[in-house]
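Notes for the one structure printed next.
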Ligand code: SF4
Ligand code: SF4
Ligand SMILES: [Zn+2]
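In the working numbering, the protein residues as written are 21 to 294.
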């Protein structure tokens, strides 16, 4: 397998993966979404709530705040040696919130959550949790734990993880009369018209929709859209809880572990049959 990084920043990564197939790409995508752990608030203890919001609603909103995840310092609750329902310092992080509207109506933001571990903080300070009217108070303790997206979407480390075939767009310069119809119809502005021919402007943006082929007045069409059978563009957008590289690294570690387990099971079954 050959991997080329097409684009990378703090939250996004786009890879060109060659010599791969759909089952592998899809397994990686599914593991990123459902198996890579991240931190999220899982339980709260409300000390005072004089707002109009019910405690359950506040708990739900707090659970959806992405928290920066320190995978090296914490255990998944089910794997922690403490075996405690409440958790310990290795599988739980406490965050506190103490907000009051003294002057008038105000919004309580994620930045007001005070974590016991400064590394486990909301990804953004600006996520609104709720509004308090004058004189209302909200005081609580929240417990964040590692979890997986397969158990609740709040633990998904990504907002998007997709793959698509690597496109191939060919223009037959002998039959093309540069009418520009394919350029006009393309929703992704993949093509561009120069003085008397059509050029490819951004091949990666092509979604293989075939609109350009249908729009071509030539018979057979002067433009052909196809895809490479073993090359894919893999895109991932993190919610900010983990870096895109760490998310992919954890996903490939999990895939490797799952394949080894499968191999062991097959060996055991064959041994039992023999
Ligand atoms: S297949 Fe669709 S996206 Fe790709 S070049 Fe043609 S019209 Fe544009
Ligand atoms: S629609 Fe067909 S003939 Fe017209 S510019 Fe595109 S490829 Fe050429
Ligand atoms: Zn523990």
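Idealized CB from N, CA, C, for every residue including glycine.
A quick note: this is a predicted structure, and the numbers were derived from the prediction, not measured.
A distance below 9 Å separates the beta carbons of residue 226 and residue 210. Assignment of residue 83 by DSSP, reduced to helix, strand and coil, places it in the helix class. If you check the C-beta of residue 192 against ligand 1, you find no heavy atom less than 8 Å away.
Linking residue 51 to residue 274 through their CA atoms gives a straight-line distance of about 7 Å. Contact between the segment 211-224 and the segment 146-155 is not established, with fewer than three Cβ pairs separated by less than 8 Å. With at least 16 other beta carbons inside 10 angstroms of its own, residue 113 counts as buried. A straight-line Cα-Cα distance of about 10 Å links residue 28 and residue 256.
Beyond the five residues adjoining it in sequence on each side, residue 34 comes within less than 6 Å, by CB distance, of 26, 27 and 255 in the same chain, given in chain order. Within 10 angstroms of the beta-carbon of residue 270 lie 16 or more other beta-carbons, which makes it buried. A direct Cα-to-Cα measurement between residue 86 and residue 262 gives close to 10 Å. In the structure shown, the three-state DSSP call for residue 189 is strand. Residue 201 sits close to residue 237, with the two beta carbons spaced by under 9 Å. Cα atoms of residue 59 and residue 101: separation of roughly 18 Å, rounded to the nearest angstrom. Comparing alpha carbon positions, the residue from 110, 80 and 73 closest to residue 91 is 110. Proximity of the beta carbon of residue 262 to ligand 3 is not indicated: no heavy atom of the ligand is located closer than 8 Å. Distance from the C-beta of residue 139 to the nearest heavy atom of ligand 1 is not below 8 Å. Residue 125 places its beta carbon less than 9 Å from that of residue 154. Put simply, the backbone Cα of residue 129 is about 42 Å away from that of residue 223.
Counting C-beta pairs with one atom in each stretch, the segment 173-191 and the segment 241-255 have three or more that are closer than 8 Å, which means they touch. Residue 231: member of the alpha helix (DSSP H) spanning 231-235, first to last residue. Residues lining ligand 3 by the Cβ criterion, that is a Cβ closer than 7 Å to any of its heavy atoms, are 95, 97, 100, 101, 102, 104, 107, 108, 110, 111 and 112 in chain order. Pairing residue 134 with residue 141, the inter-Cα distance amounts to about 8 Å. Contact between residue 252 and residue 56 does not hold, since their C-beta atoms are separated by about 19 Å, which reaches or exceeds 8 Å. Selection 127, 192 and 49 evaluated against residue 258 yields 49 as nearest (Cα-Cα).
Taking 8 Å as the cut-off, the C-beta of residue 231 counts as close to a heavy atom of ligand 1.
With fewer than 16 neighbouring CB atoms inside 10 Å of its own CB, residue 127 falls in the exposed class. In this structure, residue 151 keeps its C-beta atom at 9 Å or more from the C-beta atom of residue 68.
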